[in-house]
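**Q**
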Amino acid sequence: MYPLNRNRRLRTSETLRNLIRESTITPNDFLVPLFVIEGKNNKREIQSMPNYFKMSIDLILKEIKILHSLGLKSVLLFAQVEESLKDNYGTEAINNNGLMQRAIRSIKDKFPDILVMSDVALDPYSSYGHDGVVENGLIVNDITNDILAKMSLSHIKAGADFVAPSDMMDGRVKVIRTMLEKEGCHNAGIMSYSAKYASSFYGPFRDALDSKPGFGDKKTYQMDIGNREEAINEVRLDIKEGADIVMVKPGISYLDIIRDIKNNFNIPISAYQVSGEYAMIKAASKNGWIDENQTILETSIAFKRAGASFIASYFAKDVIKLIS
Ligand code: PBG
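Read in order, the letters of the sequence shown correspond to residues 396 to 719 in the numbering used here.
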């Protein structure tokens, strides 16, 4: 009690504040999302994500070399599929020579110690822009799962360390895990987007991959934004089905969910600071309304404080440059 206790004593110098800080960040805390496109020496800025680029495989390799030198050794891959290759079943997703599979192979060839996670979902491959097969205007769960399992196997065979299903179909972790075990891929990891909400923060990502849903929205598979208990249920099932890491997405608006999971389970949790969050911070700082560097440091630490093991973030490189 005051004046015996004065909390400000612990804040008197930077050294002391550093000494007692509970949550910190290092390069090991980041997973870097990368967007792969076809072509050679092909680099395109994502309009709604200033200074973030989609790159052809050759340039992705150069980028990974830079990331590697900064200590950023984990990447999460997304592929932009050409319009002519899209269909209702996402057939291109299981092409062993597809863009994603070639990207994985090239990265693992050149940088065996880079941890490669690959996105598994049909939306970039779907003519409807949905994460599942469409029948009579509905997203069909079980047929989709079978495709996701084949897609996962194809990524793992190309060399991916982890597959990251981001689709929110029921039971997909089990179907993927069963397939991987059956095929002898015992060390293949699954990072499940367990608590993925039907959020408006994904807009810039859908611009980047040209993957906006062609009709309706994603509310029959992604979670309702008002639900907290349901996230626990999703995570419990995913762990039972064989997930190694669970993810909460989007990020900053869902820190309560990260903490709930942390308090209820013993499993690594990843947080995803998504494209809309990136866009907001970029836009506000461009206008001089917030300090970009301080904001990206603050939000990164917030994820760790909430209980995340690591953060998928478009700011990973910027943050690491700031703290090194
Ligand atoms: C789709 C997918 C999305 C993101 C990752 N995978 C968008 C969506 O669900 O529509 C969003 C990532 C971001 O916004 O940064 N499977």
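Just so you know, even glycine gets a beta-carbon here, dropped at the ideal spot from N, CA and C.
Quick caveat, the model's predicted, so the values are computed rather than measured.
For residue 428, which residues in the same chain have their Cβ closer than 7 Å to its Cβ, ignoring the five residues on either side in sequence?
**A** 471, 473, 707, 709
**Q** For residue 576, count neighbouring C-beta atoms within 10 Å of its own C-beta (all shown protein chains included) and say buried if the count is 16 or more, exposed if not.
**A** Residue burial is scored here from C-beta neighbours: residue 576 has fewer than 16 other C-beta atoms within 10 angstroms and is therefore classed as exposed.
**Q** Select from 506, 449, 448 the residue whose C-alpha is nearest the C-alpha of residue 466.
**A** 506
**Q** Can you tell me which of the three DSSP states residue 673 falls into?
**A** helix
**Q** By Cβ distance, which residues of its chain are closer than 7 Å to residue 463, with the 5 residues on each side in sequence left out?
**A** Counting only Cβ-Cβ distances below 7 Å, and skipping sequence neighbours, we find 506, 509.
**Q** Ignore the nearest five residues each way along the sequence and tell me which others in residue 619's own chain have a CB closer than 8 Å to its CB.
**A** 592, 593, 625
**Q** Have a look at the DSSP bridge pairing and note the partners of residue 428.
**A** In DSSP, residue 428 forms a bridge with 471.
**Q** In the structure shown, what three-state DSSP assignment does residue 464 receive?
**A** helix
**Q** Roughly how many whole angstroms lie between the Cα atoms of residue 504 and residue 453?
**A** 12 Å
**Q** Check whether the Cβ of residue 520 sits closer than 6 Å to any heavy atom of the ligand PBG, and report yes or no.
**A** No.
**Q** Which residues share a DSSP beta bridge with residue 668?
**A** 708
**Q** With 16 as the cutoff for other CB atoms within 10 Å, does residue 416 come out buried or exposed?
**A** For residue 416, the number of other beta carbons within 10 angstroms of its own is below 16, and it is reported as exposed.
**Q** Which whole runs of the alpha helix (DSSP H) in the region 621-665 are 4 residues long or more, in chain order?
**A** Listed in chain order, the complete alpha helix (DSSP H) runs (minimum 4 residues) inside the region 621-665 are 624-636, 650-659.
**Q** From the DSSP output, which residues share a beta bridge with residue 513?
**A** Answer by DSSP bridge pairing, in chain order: 472, 558.
**Q** Going by DSSP, what residue range makes up the beta strand (DSSP E) through residue 445?
**A** First-last of the beta strand (DSSP E) with residue 445: 444-451.
**Q** Would you mind giving the Cβ-Cβ distance between residue 533 and residue 501, rounded to the nearest angstrom? I have them listed as a contact below 8 Å.
**A** Their Cβ separation, rounded to whole angstroms, is 38 Å, which puts residue 533 and residue 501 out of contact at 8 Å.
**Q** Between which two residues does the alpha helix (DSSP H) harbouring residue 598 extend?
**A** 598-604
**Q** Terminal residues of the continuous beta strand (DSSP E) containing residue 441?
**A** 438-441
**Q** Among the candidates 703, 418, 602, 578, whose CA atom is the shortest distance from the CA of residue 667?
**A** 703
**Q** If you measure from the CB of residue 639, is any heavy atom of the ligand PBG nearer than 6 Å?
**A** no
**Q** Report yes if the C-beta of residue 597 is less than 6 Å from at least one heavy atom of the ligand PBG; otherwise report no.
**A** Flag set: Cβ of residue 597 near the ligand PBG.
**Q** Taking a contact to mean a Cβ-Cβ separation below 7 Å, would you say residue 524 touches residue 606 in this structure?
**A** yes
**Q** Would you kindly report the start and end of the unbroken beta strand (DSSP E) that includes residue 530?
**A** 528-530
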